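*Asks:*
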Amino acid sequence: MDGNGRWARRRGMPRFFGHKRGVDALVRTVQACADRGIKYLTVFAFSSENWKRPSDEVSGLMGLVLVAVSKYLSKLAGEGVRIRIVGDRGAVSDKVRAAWQHAEAATAHNTRITLSVAFNYGGRWDIVQACQQAIRSGVAADALDEATLARFMAMSYAPDPDLFIRTGGEVRISNFLLWQVAYAELVFSDVLWPDFGEADLDAAIAAFSGRDRRFGGVKTDAAVPPSPELAAARGP
Ligand code: IPE
Ligand code: MG
């Protein structure tokens, strides 16, 4: 969910205003995904690296978690949204941790869509913590394969993502779900996150639908049209 700061600065407003509007865009997007039958939506809300931001912005974002949970939790819960937090909970304040726990507990029975909020999350952190857990639970080095490690990843409850969308014009993954995006289709949008709407979601889904997913396999011959030269040589 990138572009909040720029969205606000372009309007002569402080960056925090963009983050606030970003929460509204998130709630809209959760609803749009649920309406389209999408079962899992995972958003990158705060990265392990975002602590490097100015302290007033960091504390603003932490405060926004509390505001967002109190403003939107009952609405999302009522719409069948299950909320799960992925990330290192150790470093966040007791208040933020409690808000997340409350959001998870209040929606634990919901099944329409799972909204995973990556918070104090990093793809590298996830791989390292999965290795640590595997070692702690006594998995032998020779027994550690992809499926075993995947069981210890923070999002082991969800399938790998099919579609990865980054807004805000930057064309990189920035330490999001590194392990899980191995075969995800990547869509990069110039839209700044607070402006992201249903039409942008549908455009990303349309781009996804046009992709040929092979997971390392081969295209079937029927899907590969002959070159014009070969077609001409073969005749009508
Ligand atoms: C993303 O928007 C939101 C968070 C990281 C919380 P940015 O804050 O990165 O916005 P830009 O990239 O500066 O516009
Ligand atoms: Mg940014």
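Here the sequence shown stands for residues 49 to 284, numbered as in the numbering used here.
Using N, Cα and C, we set each Cβ at its ideal position, and we do this for glycine too.
Given the structure is predicted, the values throughout are model-derived calculations rather than measurements.
Between the beta-carbon of A232 and the beta-carbon of D208, is there less than 8 Å?
*Replies:* For A232 and D208, yes; Cβs fall inside 8 Å.
*Asks:* Does at least one heavy atom of the ligand MG sit under 7 Å from the Cβ of G66?
*Replies:* no
*Asks:* Taking only three categories from DSSP, how would you classify T268?
*Replies:* coil
*Asks:* Using the DSSP secondary-structure output, state which residues sit across from A166 in a beta bridge.
*Replies:* F92, V134
*Asks:* Which residue marks the beginning of the beta strand (DSSP E) containing V235, and which one marks its end?
*Replies:* Unbroken beta strand (DSSP E) run through V235: 233 to 236.
*Asks:* The ligand IPE: which residues have Cβ under 5 Å from any of its heavy atoms, chain order?
*Replies:* Result: D50, G51, N52, G53, R54.
*Asks:* Tell me whether G170, by its Cβ, gets closer than 7 Å to a heavy atom of the ligand MG.
*Replies:* no
*Asks:* What do you reckon, is the C-beta of G70 under 7 Å from a heavy atom of the ligand MG?
*Replies:* no
*Asks:* Is there a Cβ from chain C that is less than 8 Å from the Cβ of D83?
*Replies:* No chain C is part of this structure, which consists of one protein chain only.
*Asks:* Should I129 be labelled buried (16 or more other beta-carbon atoms within 10 Å of its own) or exposed?
*Replies:* Checking the sequence, you will find Val at residue 129 rather than Ile. The residue in question, V129, is buried, as its Cβ has 16 or more Cβ neighbours within 10 Å.
*Asks:* Ordered along the chain, which non-local residues of its own chain (more than five positions away) have a Cβ less than 6 Å from that of F263?
*Replies:* For F263, where only same-chain residues beyond five positions count, the Cβ hits under 6 Å are Y231.
*Asks:* So for F64, helix, strand or coil by DSSP?
*Replies:* helix
*Asks:* Quick one: any contact between the segment 177 to 192 and the segment 150 to 162, if contact means 3 or more CB pairs under 8 Å?
*Replies:* no
*Asks:* Looking at the secondary structure, which residues open and close the beta strand (DSSP E) in which I183 lies?
*Replies:* No beta strand (DSSP E) holds I183; the alpha helix (DSSP H) holding it covers 171 to 184.
*Asks:* Return yes when the C-beta of G108 is under 7 Å from any heavy atom of the ligand MG, and no when it is not.
*Replies:* no
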